[in-house]
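Chains as they are written, first to last, in the numbering used here: chain A, 530 to 687; chain B, 706 to 1487.
By construction, the Cβ of each residue, glycine as well, lies at the ideal position given by its N, Cα and C atoms.
Predicted, not measured: the structure shown is a model, and the values here were computed from it.
In what follows, a structure is listed as structure tokens, so that the remarks can point back to it.
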């Protein structure tokens, strides 16, 4: 029998108690055990950034963490931001207005990279924004409208 | 029609669902009792399979089944040929399509051999390591030229050749024209493999409902209708009992249309066989070898010009790497062959290509789909001619443009849609002028560049032109319907992968039906919603599906007005449709909502009159007789560090003509994204194979997709020559950004490194390769 471990995590302000295999990726745990499928998986080797979530408020790649490592930690996923079109987070609203997404697959990871970035850099330059998202691959947009969206969001969040 | 929304920068209907993590992608589908598939793939590029032993795998807890080729019985068949060979005289075409699982022999590293089904993906992948395969490695076909030598091994032994196809197409008489040339330039050009690398890998979920006799499949495909039809045939089911859903897709770019990927054939089959839902999700390592590639051509090309740089003729003979199988026919090399002619008035053309089987991943279209290769050849030849004749690079292009009064312009050869290559409309000089102005071409060359060079900086400028055949047939269809809520539904058969169809298609319908864009629900990619269609490829969604929607919406508008006229006993001319209401002009109390009217159109009592139909709906089809030709100019200023060969793109301009524009915001996004992929193709992305046919850089650490630090701001400008081939006057725009970036880099980099005497005749480049090329030229004896 494969050994499992008991973990307790707070995810989007809700507490979960789960039994997981030691090798279960945090990304798979969120997506397939808890059904939080807003977090996407693009490469499973920590390069594309699609699976980025917040762990204790900081951006982390959920494909590079095991679920057991999340024991006792506080996790935030894209589902914790605005939930529908009338209730979007200013960052989501800005991505909408500036056409900051096309297929939308990388978008949740980019949003979760930008939440702490904008918290620490409320008035970023384009260069700073480009550096901040340089660990998130987007194959559709060429990044320009993403940069525009972040500039707009910074404006909105002032 | 009152054009209130067509042509406007409107934010997208689909975005809130994507931004909140609610949009359904294939890997989000989770069904009770679902099994997970994993595939054992060949580590060898070419080997006999002497034996396969899955017994250890079957003993592992949680493993349900394992299948080899022989276990498939009669279901084991080579895949269908998606595109037949073109009607070209004396064509050679050796059809070899992929098989579901390799049987006696593997033909590329990554080819699937065994399918394992288990209770979890983790267990299924564990079980792959339990399988024993006895391989006898064979000599490998990697190099295109060696593949044609008599001692070469064969990818398909029974063919006794590695030639997949041979095609000659001509226009005029190149040899005769070249006799009068002031200058003849001949060069050899290389273009290496790259891949689409959509951030979402492929995936498929299949569910068999034995009681209903119905198969439902969620598939990351760009062409759900074609997948439905093919699977129904293979599985012996009626098309009505197979439903293929292509939900939100995380990018496609061409590689998600390949009838049929092996997994698309196997997962539905095994779901029926085991009577349990089955999911397979590709991982990135698999994607690099199992999802199709693009590129891989060697051109030997000759340009004949007069003393003023006018093109007298072009001769091009090229080899095209089609990989181990060629299910997609000749679309890619035909695109290369045709698009080489570009926006230029070329009267004499000889083009010959040989498509070659190699022990590599299958090659099918990826954004640009071979057009890049042709554009690279002609643009480089023109650059070299300009240099030899001391003509400005922009000027030599201007001198050769097809003049605006020569459209439609017949190129006399057959295009990928098998229609004659004829350009419907275009006006290229104004595009060039706009690009020159936006990048300040003359000032850069005359003032800025000399000044920066004096400071020791290596800055260069590039300017290139291209055309893109878009919006080809055969057809698409659409159903437009006013729902009882008053909202409008638009249903079409094309799949969507981020192009903004939920919005651009809504804009088309909204204008005709007097509703807001966000009151139109576009449904795509579900074969139970719309039966007919071909798919999303070749920059055709807006042209082909868009025009079908346009025509259907016009019919619905007529039905609305007719019914409202009867209802109000008022003439149709006095009615207006605005804000979701039909009104009698100037009589405010005489109004009815579209929803109520839809109810009246579907009465519970009384008879629907003969010759009329219930409901406010219409279905229409549009099939263009040939493609619409988009065009454009890209220009760039780049700085190179001559020590490290690191680049810095300082300015990038795209002037583009895709006819009438539905949504400029979405169009800009398409152009930006295309350029980003073009930049990857030109300078970062190269799939490197060793002599054993092993891919050496199959991870995102080693295969560098452009990041936000590599892609510059892109300035766009537009020209507009509406297409006469469709009522909306639109042309496709999806691929344009990606097409001319290779030659643009080559030209600008040579200009930046002007103090080194070298030519760039290959793509993709990278800093290392640029260093090698410049070193080779400075040490000619080395």
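Is the shortest distance between the beta-carbon of residue 549 of chain A and the beta-carbons of chain B less than 8 Å?
no
Within the 8 Å Cβ cut-off, does residue 612 of chain A reach chain B?
yes
Please state the DSSP three-state secondary structure of residue 1428 of chain B.
coil
How about residue 595 of chain A: is its C-beta nearer than 8 Å to some C-beta of chain B?
no
Three CB pairs or more closer than 8 Å across the segment 1181-1192 of chain B and the segment 664-672 of chain A
no
Could you give the first and the last residue of the continuous beta strand (DSSP E) run that contains residue 1488 of chain B?
In the structure displayed, chain B extends from 706 to 1487; residue 1488 of chain B sits before or after that span and is not available.
Could you say which of B:742, B:816 and B:1070 lies nearest to residue 1440 of chain B if we only look at CA atoms?
B:1070
Let me see if you follow: with CB-CB separation under 8 Å, is residue 1406 of chain B close to chain A or not?
yes
Nonlocal neighbours in the same chain, by C-beta distance under 8 Å from residue 709 of chain B, ignoring five residues either side:
1215 and 1216
Is it the case that the Cβ atoms of residue 1092 of chain B and residue 813 of chain B are separated by a distance below 8 Å?
no
For the structure I just gave you, are there three or more beta carbon pairs, one from the segment 1404-1418 of chain B and one from the segment 1326-1333 of chain B, closer than 8 Å?
no
Should residue 728 of chain B be flagged as near chain A, meaning a C-beta pair shorter than 8 Å?
yes
Mind checking residue 820 of chain B: buried by the 16 CB within 10 Å criterion, or exposed?
buried
Below 8 Å on the Cβ atoms is my guess for residue 900 of chain B versus residue 993 of chain B; work out the distance and round it to an integer in Å.
7 Å
Between the segment 1406-1428 of chain B and chain A, which residues of the former have a C-beta closer than 9 Å to a C-beta of the latter?
1406, 1410, 1411, 1412, 1413, 1414, 1415, 1416, 1417, 1418 and 1419
Rounding to the nearest angstrom, what Cα-Cα distance links residue 1030 of chain B and residue 923 of chain B in this structure?
25 Å
Got a sec, what are the start and stop residues for the beta strand (DSSP E) residue 1353 of chain B sits in?
1352-1362
Opening and closing residue of the beta strand (DSSP E) in which residue 760 of chain B lies:
It is not in any beta strand (DSSP E) - residue 760 of chain B instead sits in the alpha helix (DSSP H) that spans 760-764.
Does the Cβ-Cβ distance between residue 620 of chain A and residue 640 of chain A come in under 8 Å?
yes
Just mark residue 653 of chain A as buried or exposed, buried being the case when its beta carbon has 16 or more other beta carbons within 10 Å.
buried
Residue-chain proximity (residue 1177 of chain B, chain A), Cβ-Cβ < 8 Å:
no
Any beta-carbon of chain B closer than 8 Å to the one on residue 562 of chain A?
no
Can you tell me which of the three DSSP states residue 559 of chain A falls into?
helix
Within chain A, the residues that residue 1392 of chain B reaches when beta carbons sit closer than 9 Å
Correct list: empty, because the minimum Cβ distance to chain A is about 16 Å.
How big is the Cα-Cα spacing for residue 800 of chain B and residue 1223 of chain B?
47 Å
Quick one: which chain B residues come within Cβ less than 8 Å of residue 663 of chain A?
1412, 1413 and 1414
Reduced DSSP secondary structure (H/G/I, E/B, other) of residue 1189 of chain B
coil
Residue 932 of chain B versus B:1445, B:1198, B:1297 and B:1406, residue with shortest Cα-Cα distance
B:1198
Within the same chain, show all residues whose beta-carbon is closer than 7 Å to that of residue 1127 of chain B, passing over the 5 residues directly before and after it, in chain order.
1113, 1114, 1115, 1116 and 1331
From A:684, A:541, A:537 and A:543, pick the residue whose C-alpha is nearest to that of residue 549 of chain A; which is it?
A:537
With a cut-off of 8 Å, do at least 3 Cβ pairs link the segment 1000-1007 of chain B to the segment 896-912 of chain B?
yes
Can you give me the Cβ contacts of residue 991 of chain B inside the same chain, cut-off strictly under 8 Å, excluding the 5 residues immediately before and after it?
744, 746, 815 and 906
So, for residue 1013 of chain B: in the same chain, excluding its five sequence neighbours on each side, which residues have a beta-carbon less than 7 Å away from its beta-carbon?
1104
Could you pull the start and end residues of the beta strand (DSSP E) that residue 918 of chain B belongs to?
It is not in any beta strand (DSSP E) - residue 918 of chain B carries neither H nor E in the DSSP assignment.
Report, in whole angstroms, the separation of the C-beta atoms of residue 1080 of chain B and residue 1469 of chain B, which I expect to be a contact under 8 Å.
With 8 Å as the limit, residue 1080 of chain B and residue 1469 of chain B do not qualify as a contact, their Cβ atoms being about 15 Å apart.
Would you say the beta carbon of residue 1356 of chain B comes nearer than 7 Å to a heavy atom of the ligand SAM?
The ligand content of the structure shown is nil, which means the ligand SAM is not present either.
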